[in-house]
Amino acid sequence: MAFSVNTITFPNISRVNRSRYPAPAGMAFATMSNKTITSSGIQLTEGQGNLPKLVLTSPSGSEAEIYLYGGCVTSWKLPTGKDLLFVRPDAVFNKKKPISGGIPHCFPQFGPGSIQQHGFARNMDWTVADSENVEGDPVVTLELKDDSYSRAMWDFGFHALFKVTLNSKSLSTELKVKNTDNKPFSFTTALHTYFSASVSGASVKGLKGCKTLNKDPDPKNPVEVTEERDVVTFPGFVDCIYLGAPDELQLDNGLGDLISVKNTNWSDAVLWNPHLQMEACYKDFVCVENAKIESVQLEPEQTWTAVQHLSIA
Numbered sequence: 119m120a121f122s123v124n125t126i127t128f129p130n131i132s133r134v135n136r137s138r139y140p141a142p143a144g145m146a147f148a149t150m151s152n153k154t155i156t157s158s159g160i161q162l163t164e165g166q167g168n169l170p171k172l173v174l175t176s177p178s179g180s181e182a183e184i185y186l187y188g189g190c191v192t193s194w195k196l197p198t199g200k201d202l203l204f205v206r207p208d209a210v211f212n213k214k215k216p217i218s219g220g221i222p223h224c225f226p227q228f229g230p231g232s233i234q235q236h237g238f239a240r241n242m243d244w245t246v247a248d249s250e251n252v253e254g255d256p257v258v259t260l261e262l263k264d265d266s267y268s269r270a271m272w273d274f275g276f277h278a279l280f281k282v283t284l285n286s287k288s289l290s291t292e293l294k295v296k297n298t299d300n301k302p303f304s305f306t307t308a309l310h311t312y313f314s315a316s317v318s319g320a321s322v323k324g325l326k327g328c329k330t331l332n333k334d335p336d337p338k339n340p341v342e343v344t345e346e347r348d349v350v351t352f353p354g355f356v357d358c359i360y361l362g363a364p365d366e367l368q369l370d371n372g373l374g375d376l377i378s379v380k381n382t383n384w385s386d387a388v389l390w391n392p393h394l395q396m397e398a399c400y401k402d403f404v405c406v407e408n409a410k411i412e413s414v415q416l417e418p419e420q421t422w423t424a425v426q427h428l429s430i431a
């Protein structure tokens, strides 16, 4: 069953507790903020597990898929059909855990901490706030607001907007977080991007000179050193934070693609590959993540914005 966002208006039901009120078989729930979306190149359809997903298609034939659950971009295909993102084979689409792959959100906490691992944004329902076409390319903006579920863990009012823009050779995202509370708050965040790769041939340029927090061999006591390599590879288990990373990195995915990872206001980067901890799939992906490791402090009504721009030569 597929639904065209060009013809259907969906009621605002994003706050429904799905565990208490499961969707009827075959029915995809989504929220369009009570608006009918008429932008071309954007379609709402039913994804895995009957979860609603948006499919963006550019005039050139490139394509992206975004699940409203978690606001997770799960696919970025070139006009040739080649997918540059990776979703793990153990990923589940039943809302019992976040979608493992693509570009999951880590908010309002990156990594372990006082609330659940990587925060709650990746396992909440986002809604569609807006859609448009910019020079013919599809652009969609998702939003997430605090509710009783988020406040049980993190008792603050917030409004997050996540804009995704697709064109023939690039996928751009803009994340805005606004403090809608009457008191200040702080958060850390990241885009946990999984790239399709041949891990033995994958490498990243641009990190030389960065201070690193290397979690191998002891994740609880990362080693602080300075990166001396011009080209960083993935010879085994890799879990390393790069503080003060540059605004552009280059990923050679080992599959014949050079991917530029540019950013604005994502101050740090993370490289990750689980190696034998995920023996079934570690050879097929690497994570190159834009992150904000030091806490962002927001006063009431203040907004923080960061942009990620992925492009291929």
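Residue numbering for the sequence shown follows my numbering, starting at 119 and increasing by one per position. A virtual CB, placed ideally from N, CA and C, is assigned to each residue, including glycine.
Pair within 8 angstroms by beta-carbon distance, residue i and residue j
i           : j           : result
residue 417 : residue 332 : no
residue 379 : residue 367 : yes
residue 404 : residue 313 : yes
residue 230 : residue 176 : no
residue 284 : residue 431 : no
residue 191 : residue 282 : yes
residue 187 : residue 169 : yes
residue 317 : residue 400 : yes
Option nearest residue i by Cα separation, candidates the options
i           : options               : result
residue 235 : 224, 242 and 244      : 224
residue 261 : 178, 306 and 276      : 276
residue 166 : 212, 314, 228 and 384 : 212
residue 353 : 268, 372 and 365      : 372
residue 347 : 365, 357 and 321      : 321
residue 303 : 419, 170 and 289      : 419
residue 217 : 356, 369, 374 and 241 : 241
residue 195 : 179, 188, 185 and 357 : 179
residue 201 : 219, 215 and 279      : 219
residue 370 : 357, 395 and 351      : 351
residue 300 : 274, 278 and 174      : 274
Helix, strand or coil at residue i according to DSSP, with G and I counted as helix
i           : result
residue 402 : helix
residue 247 : strand
residue 241 : helix
residue 162 : strand
residue 227 : coil
residue 196 : coil
residue 391 : strand
residue 270 : helix
residue 219 : strand
residue 212 : coil
residue 168 : helix
residue 331 : strand
Close-in-space but distant-in-sequence residues of the same chain around residue i (CB under 6 angstroms, 5 per side omitted)
i           : result
residue 341 : 332
residue 199 : none
residue 429 : 287, 288 and 378
residue 253 : none
residue 290 : 283 and 427
residue 319 : 372
residue 280 : 189, 260 and 293
Proximal residues to residue i (C-beta, below 8 angstroms), its chain only, five neighbours per side dropped
i           : result
residue 398 : 207 and 208
residue 376 : 368, 369, 370, 430 and 431
Residues near residue i by beta carbon distance below 7 angstroms, same chain, minus five either side
i           : result
residue 364 : 324
Any contact between the region 333-344 and the region 417-424? By contact I mean 3 or more CB pairs, one from each, below 8 angstroms. no
Stretch pair the region 191-211 + the region 251-265: three plus CB contacts closer than 8 angstroms: no
Touching or not, the region 236-255 and the region 386-403, by the rule of three or more beta carbon pairs under 8 angstroms? no
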